Amino acid sequence: MRTQLTTYFARLFAGDLSAFGGPVTDEAMAGHIRAEQMSLVLGYSVGIMLANACNAIVLAIALWQSPDRISALIWATAVAGSAIAFGLQSHAARRITKPQFVSRRAMHRLVRNAFVLGAAWGIVPVAFFTDASTGGQLVITCLCSGMLAGGALAFATIPIAAIAFTAPIFVGIAVCLGRNGDLAFLLIAFLVVVYGSVLIRGVFVNSFSFARRVMRQIEAERTVRLDPLTHLPNRVAFNETLEAALKRLTLSGEEFAVLLLDLDRFKEVNDQFGHPAGDEFLVQVASRLRRCTRPAEHVARIGGDEFALVMANLARPEDALDIAERFVAAFTEPFRIEGRQIVGATSVGIVLAPRDGATPLDVMKNADAALYRAKRAGPGTIRFFEANDDRVSRDRKALQSDLEGAIARNELFLVFQPFLDLDGSRITGFEALLRWQHPERGLVPPSEFIPIAEETGLIHEIGEWVIRRACATVAKWPDDIRVAVNFSAAQFHNTGILQTIVQALSEAKVAPHRLEIEITESMLLSKYGSAEPVLNALLQLGVTVALDDFGTGFSSLTYLRKLPFSRIKIDQSFIRDMLVQPDCAAIVKSVIGLARDLNIGVVAEGVETADQLEYLRQFNCDEVQGYLISRPVSADRVPALLETKKLRATFAA
Ligand code: C2E
Ligand code: MG
Ligand code: MG
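Each residue of the sequence shown is one higher than the last, beginning at 13 in the working numbering.
If you want it as structure tokens, here you go:
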């Protein structure tokens with residue numbers, strides 16, 4: 013009971029409106045409201061103190077003829093002196109920026125000061141009224157009513173301060189009028205009570221609506237700065253934090269770091285499992301990241317799958333590295349989403365200010381460049397910004413925006429590289445390889461633009477175009493010639509791809525077995541789930557699947573046994589070295605043998621010399637591909653290639 017009373021009074025004297033049945037708030041919000049209340053009072057205070065000083069002087073003059081002249085003079089000097097001193101003090105305080113939070117104790121002080129000032133005026137009617145002349149009494153009545161009204165106005169948003177100020181004056185008036193039994197004075201007393209009640213009631217109404225307005229405003233400001241999905245600060249809040257850090261850097265040289273994070277392959281989670289799963293993934297990521305930072309710092313979500321952190325007051329760059337490592341480690345455990353386990357990862361780019369930039373634009377641009385290098389190095393990588401990153405990232409950005417319109421502008425085209433069957437020495441098909449004729453840069457190799465297409469998600473649109481184009485082209489070739497199309501992981505795990513393939517085949521009127529999809533081993537080990545359903549679906553369609561670049565990935569032989577591949581393509585690096593390195597030759601030989609045992613076709617990639625071809629023939633390799641047979645050629649040169657007698661003669665056994 014006692015503690016309840018104590019907390020009630022603590023709230024009451026802190027100006028907390030819930031003590032009067034007003035809106036209930038948490039302490040953070042209450043502190044904000046106090047700050048707003050206080051700044052209003054401080055805004056008035058210079059005027060109020062001036063008025064107090066003037067009134068005190070007026071009273072001294074009015075009582076000059078009264079017997080209380082000396083005590084009135086002492087009183088007036090004390091009140092006017094303190095009012096002027098206090099006024100000067102609050103004028104100085106006003107120049108300092110408005111605080112965001114005001115403590116209860118500060119509000120207690122304000123209420124106490126209001127009471128002291130009110131009491132000083134409450135003394136006036138008690139001490140000086142009886143002996144004053146009629147004129148003096150009139151002045152005292154006017155001054156007291158004026159003080160009541162002025163106090164209510166000054167403390168219009170803080171009822172307890174208004175009460176603390178006006179109550180002593182009320183009491184003073186009551187005592188003075190009570191002593192004097194005159195009817196006119198009783199009527200005046202009645203009027204004072206009526207006016208006073210109206211004023212106090214006005215203070216309550218005003219302060220409640222003021223508090224609600226402040227709460228709404230603060231709530232709105234919070235919402236503007238919060239990401240609704242993850243409840244992390246958003247880009248607006250992040251930019252403000254960054255700007256504040258830059259301001260401190262210029263004022264006091266305080267160094268800081270910015271960590272930029274990008275989730276690896278988040279787009280694939282979205283594509284494969286749908287947006288609700290993607291959202292859930294982000295929420296879980298956010299809650300893990302939140303636990304990695306120092307207490308006063310908050311990681312922000314500044315884009316779809318981009319997060320960022322400003323690390324203020326950085327003592328050593330290693331501290332930034334330390335937090336970045338924690339971010340990366342937060343992804344060790346897989347995420348459980350809709351009953352599935354999803355393995356995520358993040359890459360982190362770090363910039364140090366002022367070393368790497370001293371404007372928001374420079375800092376973020378360079379953080380982006382460092383992040384890009386981290387991403388290129390693979391999932392879970394951390395990179396500090398290096399001066400060279402800048403140029404690379406500018407180049408890449410330009411390429412990315414050019415790629416967006418490349419299909420529409422007809423800048424993409426396919427070239428075709430034949431597979432030669434060693435048995436019959438005839439061409440059995442072609443691999444479609446993508447080319448980009450850039451208007452200024454000329455021919456851009458796929459190794460440069462395919463990774464960009466994958467990161468931006470453009471690969472889906474481009475991949476569809478490749479399939480349609482390849483099908484339309486193979487339709488013009490003899491029926492026993494196939495076309496092979498390369499796939500990216502993102503495309504492969506997008507279930508919509510089956511629909512596209514079916515459509516492309518039927519539009520071009522091409523039999524499904526003439527289309528082959530090339531995928532790499534890394535796609536099989538994808539963290540987004542098993543490749544098996546997609547592979548089986550392709551097989552059911554009648555489309556064949558080849559395992560590209562075999563030997564460069566995990567080379568798990570179990571895949572070959574378990575998954576329905578129709579062909580293995582031995583990577584060109586083995587073919588290049590097989591004549592000089594015995595272990596390469598051994599690998600080529602055993603892969604060919606293995607394929608034979610499993611009843612799978614085998615293609616050797618990158619055959620450049622006749623010796624290599626001879627060697628492969630000895631091992632009974634099924635097909636070869638490489639510059640020796642033909643470089644990739646444009647579609648219109650394919651018929652000629654199929655006709656060439658010379659080709660048959662050259663490669664005949
Ligand atoms: P890949 O599928 O392994 O394609 C074989 C690459 O080796 C091609 O390079 C080809 O031109 C090159 N090559 C062929 N024979 C020889 C040779 O005898 N010696 C040497 N040194 N190289 C040879 P390219 O066209 O630059 O393609 C590179 C990679 O880009 C491809 O590797 C493939 O993974 C990817 N790619 C190409 N087109 C597409 C596409 O339409 N979609 C996707 N997702 N990826 C593609
Ligand atoms: Mg290929
Ligand atoms: Mg290959």
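Note that CB positions come from ideal geometry on N, CA and C, so glycine has one too. As the structure is a prediction and not an experimental result, all values here were calculated from the model.
Quick check on the burial criterion: 16 or more other C-beta atoms within 10 angstroms. Buried or exposed for Y540? Note on Y540: pLDDT 48, under 50, position unreliable in the model; no value is reported.
Taking Cβ to Cβ, would you say V123 is nearer than 7 angstroms to A42? At least 7 angstroms separates the beta-carbon of V123 from that of A42.
Threshold first: 3 residues or longer. Then list the beta strand (DSSP E) segments lying entirely within the stretch 478 to 549, N to C. Fully enclosed beta strand (DSSP E) runs of 3 or longer: 494 to 498 and 527 to 532.
Counting C-beta neighbours from all protein chains within 10 Å, is the total for Q284 16 or more, i.e. buried, or is it exposed? Classified as buried, Q284 has 16 or more neighbouring CB atoms from the shown chains inside 10 Å of its CB.
Under DSSP, the beta strand (DSSP E) around I612 begins and ends at which residues? Looking at the DSSP string, I612 is not in any beta strand (DSSP E), and its letter there is neither H nor E.
Within its chain, find whatever has a CB closer than 6 angstroms to the CB of A257; leave out the 5 residues flanking it on each side and keep chain order. So the list reads F268, V322 and A324, once near-sequence residues are dropped.
Using a 10 Å radius around the Cβ and a threshold of 16 neighbouring Cβ atoms, would you call G163 buried or exposed? Classification for G163: buried.
Quick one: Cα of Q149 to Cα of A88, how far? Straight-line Cα distance between these residues: approximately 16 angstroms.
Are the beta-carbon atoms of G208 and F167 separated by less than 7 angstroms? In this structure, G208 keeps its C-beta atom at 7 angstroms or more from the C-beta atom of F167.
Could you round the C-beta distance between L272 and P329 to whole angstroms and report it? I think they count as a contact, below 8 angstroms. The pair is not a contact, with the Cβ atoms about 15 angstroms apart (cut-off 8 angstroms).
Which value, in whole angstroms, describes the spacing of the CA atoms of L527 and A308? Each residue's alpha carbon lies about 58 angstroms from the other.
When the Cα of R480 is compared with those of Q511, H505 and A502, which residue comes out closest? Out of Q511, H505 and A502, Q511 has the C-alpha closest to the C-alpha of R480.
Under a three-way DSSP split, which group does W87 fall into? W87 falls in the helix class under three-state DSSP.
Looking only at C-alpha atoms, which of A516, V187 and L326 sits nearest to I362? Comparing Cα positions, the closest option is L326.
Can you tell me which of A465, T15, V636 and L29 puts its alpha carbon nearest to the alpha carbon of V217? For V217, the closest C-alpha among the options A465, T15, V636 and L29 is that of L29.
Could you have a look at T19 and say whether DSSP puts it in helix, strand or coil? Looking at T19 - three-state DSSP - the assignment turns out to be helix.
Using only the heavy atoms of ligand 1, determine whether one of them is closer than 6 angstroms to the beta carbon of I587. No, ligand 1 has no heavy atom inside 6 angstroms of this Cβ.
L24 versus H103, M61, R116 and D38, residue with shortest Cα-Cα distance: The residue with the shortest Cα to Cα distance from L24 is R116.
Using a Cβ-based criterion (distance less than 6 angstroms to any ligand heavy atom), does D560 qualify as near ligand 2? Checking every heavy atom of ligand 2 against the Cβ of D560, one is found closer than 6 angstroms.
Cβ-based neighbour list, A342, same chain, cut-off 7 angstroms, excluding 5 preceding and 5 following: Only R300, L301 and C304 meet the Cβ criterion.
C-beta contact flag for V636 and L432 at 7 angstroms: Against a cut-off of 7 angstroms, the Cβ pair of L432 and V636 comes out as a contact.
What separation, rounded to the nearest whole angstrom, lies between the Cα atoms of F244 and V281? Reading off the sequence shown, one finds Leu at residue 244, where the question assumed Phe. Linking L244 to V281 through their CA atoms gives a straight-line distance of about 21 angstroms.
Per DSSP, which one or two residues make a beta bridge with G441? Beta-bridge partners of G441 (DSSP): F431 and R494.
Quick one, which of T178, V206, V210 and T169 has its alpha-carbon nearest F222's? Selected option, being the one with the closest Cα: T169.
Keeping to the same chain, check which residues put their C-beta closer than 6 angstroms to that of A652; ignore five residues upstream and five downstream. Excluding residues up to 5 positions away in sequence, nothing lies with its Cβ nearer than 6 angstroms to the Cβ of A652 in the same chain.
Among G554, M535, S534 and L547, whose alpha-carbon lies nearest the alpha-carbon of S518? Of G554, M535, S534 and L547, the smallest CA-CA separation from S518 is found for G554.
Exposed or buried, what is L383 when buried is set at 16 or more other beta-carbons lying within 10 Å of its beta-carbon? So L383 ends up on the buried side.
One question on the structure: do A444 and F428 come within less than 7 angstroms of each other, judged by their Cβ atoms? Result yes, Cβ atoms of A444 and F428 sit closer than 7 angstroms.
Are there 16 or more other CB atoms within 10 angstroms of the CB of Q584, so buried, or fewer, so exposed? Buried, because 16 or more other Cβ atoms sit within 10 Å of the Cβ of Q584.
What residues in its chain sit with their C-beta under 6 angstroms from that of A22, if we drop five residues either side in the sequence? Closer than 6 angstroms at Cβ, skipping near neighbours: no residue.
Near H450, which residues of its chain fall below 7 angstroms by C-beta distance, leaving aside the five closest residues on each side in sequence? D414, E423 and V456.
Identity of the residue in V226, E620 and I60 nearest P35 by Cα: Ranked by Cα distance from P35, the options V226, E620 and I60 are led by V226.
Evaluate contact between the stretch 50 to 60 and the stretch 136 to 155, counting only Cβ atoms and requiring at least three cross-stretch pairs below 8 angstroms. Touching, no.
Cα separation between D38 and I230? One Cα belongs to D38, the other to I230, and the distance between them is close to 13 angstroms.
Return helix, strand or coil for S78, following the three-state DSSP convention. S78: coil per DSSP, three-state reduction.
What would DSSP say about S30, mapped onto helix, strand or coil? Look at S30 here: in three-state DSSP terms it is helix.
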